[in-house]
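Here's the structure, in structure tokens; my notes come after.
Protein chains in written order, with the numbering used here: chain A, 282 to 388; chain B, -3 to 557.
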């Protein structure tokens, strides 16, 4: 029904900009999560003793739980960062693209 | 008959995921030891209040469930916050509460490592999939995989994948539910299974996605509230001090300071990575989880739902970690919770009961009753989501698109979905009773393996790779399915535990590290070799699909009530 409109959207430079910026941002965040998480898994698998390192003389607070808690927090903050940017900046751009497409359709 | 003793930790892994099967595997040895408990009145009364409330909601929802869109996706009008709670409710099963508390109680840090593995799929689902799912899908994830490919063949494959995942998952939940309810409520196994099956069928048939969503929202709130309360009461006994908990826990636990280093769980790198892959990408291929993305109004709400869901899930996992650590001291040193009062012996009701004992220790019978009711509510919510996803695969994919080739009337499609729900309910009850004495933990491994190795590769490639063709998708999807099934059958949990052979042919529990890359490879190679005319059209259709995936132009809108 709307191959023509899809084609027009695709040709819109704003669309190219949206796709590029958003993809780059999403990939960057994904890679951050993957590298940190699998890095952690490999550390756990190859050097388990490291996670039992005490933080401070005689302290029972060890590295493992601190690292995991930091991952929970960091990954959730990354989620929030993506949602904030996507729901404001990217969505505004998206709305502009759709408006352009409809204007074009009326012509 | 050779009965399995407690499965090693590597197993409960998958089990704990979303399924109650871990309850089955964790509680396995317990089931042999303890029989029916005396009737737990607090728990039963609170559970009846929950059932009455959700039935009221189902009645209300039934008057608003008229069209197919209402039935499958609650008319697409769920808000991001509601959907976030519902996703959290779908994802955090009774096994999460019971299995992961128990795991922290027995192995300390291992439990926490597991929890981060369960969590880490969510940010990736957001970054890579959430908005594309919402923009392309309507009722089932096959809407996306079949978007520009051969409707009949690709939907058939997707529904086989969905139904296999749903059935294994449902059976595992049913068996776990029966055993858990027998323990917590003192009801007969068969009565418990029939009750769960019947309630599930009523929620789904009468109230569709709207009722299912609200059951999940209410259950998520109960779970969060109950867990938080138990955790706060427990850590108050340590003056709210983390180091105080650690000092007492390491002193009380037989492993002492080893509690704080990784243990068996990650004994070798292949197990660790395969587990992490299976949990991460299995989650992204579970039909009942994917379906939740079609219930929100637009991509914006889809993103928000992941934000809320992952916030609740992350929070709850940390609550469970603190519960497990506190239980080492509070439950682990109290003879009241051990068989024959022998501290360090068998826990009453089995290893899975740690969270329940902790509730009793810090809040008496009332809190125990509440947490037991929460566990039952949790089972119901999860099976309802599964039944709805299974019924949608039958009615929307198989019936309306494959058999009727898109010419079925909406009324017929909905009728079929309701029949399918009844059939699924009966199958779940019958198989649940048939498998009572079996170790069903492998079924969850299988469900995750298939989701990660068949559903997920085809889904992600169909969204990201222009070159994917029908032949490639079918070859990769079926090969992934076959390898996942074969490896699970050859693994210890089926080959040794169920079939009684001496040694496993496949040394790991989770097939994902092997089956997933093979599925991707086959999809890609077969697509590249496909030079048919239809393949050319399918590649050409990617551009339009891509624009819609990115902008949401032409996406299914929320229906107005």
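Idealized CB from N, CA, C, for every residue including glycine.
None of the values given here were measured: they were computed from a predicted structure.
Three-way DSSP call (helix, strand, coil) for residue i in this model
{"i": "residue 335 (chain A)", "result": "strand"}
{"i": "residue 343 (chain B)", "result": "strand"}
{"i": "residue 541 (chain B)", "result": "helix"}
{"i": "residue 157 (chain B)", "result": "helix"}
{"i": "residue 434 (chain B)", "result": "coil"}
{"i": "residue 472 (chain B)", "result": "helix"}
{"i": "residue 268 (chain B)", "result": "helix"}
{"i": "residue -2 (chain B)", "result": "Confidence at residue -2 (chain B) is low in this model, with a pLDDT of 38, below 50, so the placement of that residue is unreliable and no value is reported for it."}
{"i": "residue 106 (chain B)", "result": "helix"}
{"i": "residue 464 (chain B)", "result": "coil"}
{"i": "residue 497 (chain B)", "result": "coil"}
{"i": "residue 184 (chain B)", "result": "coil"}
{"i": "residue 327 (chain B)", "result": "coil"}
{"i": "residue 447 (chain B)", "result": "helix"}
{"i": "residue 376 (chain A)", "result": "helix"}
{"i": "residue 549 (chain B)", "result": "coil"}
{"i": "residue 145 (chain B)", "result": "coil"}
{"i": "residue 54 (chain B)", "result": "helix"}
{"i": "residue 43 (chain B)", "result": "helix"}
{"i": "residue 135 (chain B)", "result": "coil"}
{"i": "residue 61 (chain B)", "result": "coil"}
{"i": "residue 340 (chain A)", "result": "coil"}
{"i": "residue 10 (chain B)", "result": "Note that residue 10 (chain B) scores 37 on pLDDT, short of 50, meaning its location in the model is unreliable; the coordinates nonetheless yield the value given after this. Of the three classes helix, strand and coil, the one that applies to residue 10 (chain B) here is helix, per DSSP."}
Identity of the residues DSSP links to residue i by a beta bridge
{"i": "residue 487 (chain B)", "result": "B:502"}
{"i": "residue 334 (chain B)", "result": "B:343"}
{"i": "residue 593 (chain B)", "result": "Residue 593 (chain B) lies beyond the stretch modelled for chain B, which goes from -3 to 557, so this question has no answer here."}
Run of the alpha helix (DSSP H) containing residue i, from where it starts to where it stops
{"i": "residue 360 (chain A)", "result": "344 to 366"}
{"i": "residue 411 (chain B)", "result": "406 to 430"}
{"i": "residue 370 (chain A)", "result": "Premise fails: residue 370 (chain A) is in no alpha helix (DSSP H) and is neither H nor E."}
{"i": "residue 100 (chain B)", "result": "90 to 103"}
{"i": "residue 34 (chain B)", "result": "Run containing residue 34 (chain B): none; DSSP gives neither H nor E here."}
{"i": "residue 518 (chain B)", "result": "508 to 525"}
{"i": "residue 295 (chain A)", "result": "294 to 327"}
{"i": "residue 141 (chain B)", "result": "138 to 141"}
{"i": "residue 365 (chain B)", "result": "350 to 388"}
{"i": "residue 118 (chain B)", "result": "117 to 120"}
{"i": "residue 459 (chain B)", "result": "452 to 460"}
{"i": "residue 66 (chain B)", "result": "64 to 69"}
{"i": "residue 400 (chain B)", "result": "Note, residue 400 (chain B): premise wrong, no alpha helix (DSSP H); not H, not E."}
{"i": "residue 529 (chain B)", "result": "529 to 536"}
{"i": "residue 130 (chain B)", "result": "127 to 132"}
Residue nearest to residue i in terms of C-alpha spacing, selected from the options
{"i": "residue 454 (chain B)", "options": "B:156, B:433 and B:473", "result": "B:473"}
{"i": "residue 351 (chain B)", "options": "B:431, B:359, B:319 and B:381", "result": "B:319"}
{"i": "residue 346 (chain B)", "options": "B:362, B:328 and B:388", "result": "B:328"}
{"i": "residue 337 (chain A)", "options": "A:298, A:329 and A:347", "result": "A:347"}
{"i": "residue 467 (chain B)", "options": "B:117, B:108, B:49 and B:144", "result": "B:144"}
{"i": "residue 284 (chain B)", "options": "B:102, B:157 and B:92", "result": "B:157"}
{"i": "residue 368 (chain A)", "options": "B:297, B:499 and B:508", "result": "B:297"}
{"i": "residue 537 (chain B)", "options": "B:484, B:497, B:363 and B:461", "result": "B:461"}
{"i": "residue 449 (chain B)", "options": "B:309, B:388, B:511 and B:483", "result": "B:511"}
{"i": "residue 323 (chain B)", "options": "B:67, B:96, B:185 and B:277", "result": "B:96"}
{"i": "residue 488 (chain B)", "options": "B:398, B:501 and B:380", "result": "B:501"}
{"i": "residue 480 (chain B)", "options": "B:265, B:90 and B:443", "result": "B:443"}
{"i": "residue 89 (chain B)", "options": "B:105, B:216 and B:457", "result": "B:216"}
{"i": "residue 148 (chain B)", "options": "B:84, B:396 and B:239", "result": "B:396"}
{"i": "residue 279 (chain B)", "options": "B:441, B:516, B:41 and B:400", "result": "B:441"}
{"i": "residue 348 (chain B)", "options": "B:92, B:204 and B:390", "result": "B:92"}
{"i": "residue 175 (chain B)", "options": "B:375, B:222, B:108 and B:469", "result": "B:375"}
{"i": "residue 130 (chain B)", "options": "B:37, B:206 and B:302", "result": "B:302"}
{"i": "residue 354 (chain B)", "options": "B:257, B:407, B:331 and B:287", "result": "B:331"}
{"i": "residue 75 (chain B)", "options": "B:113, B:383, B:197 and B:290", "result": "B:290"}
{"i": "residue 406 (chain B)", "options": "B:65, B:495 and B:139", "result": "B:65"}
{"i": "residue 521 (chain B)", "options": "B:543, B:464 and B:483", "result": "B:464"}
Quiz item: Which full runs of the alpha helix (DSSP H) of 4+ residues lie inside the region 193 to 259 of chain B, going along the chain?
Solution: 238 to 248
Quiz item: Which runs of the alpha helix (DSSP H) fall wholly inside the region 276 to 312 of chain B and span at least 4 residues, in chain order?
Solution: 283 to 287
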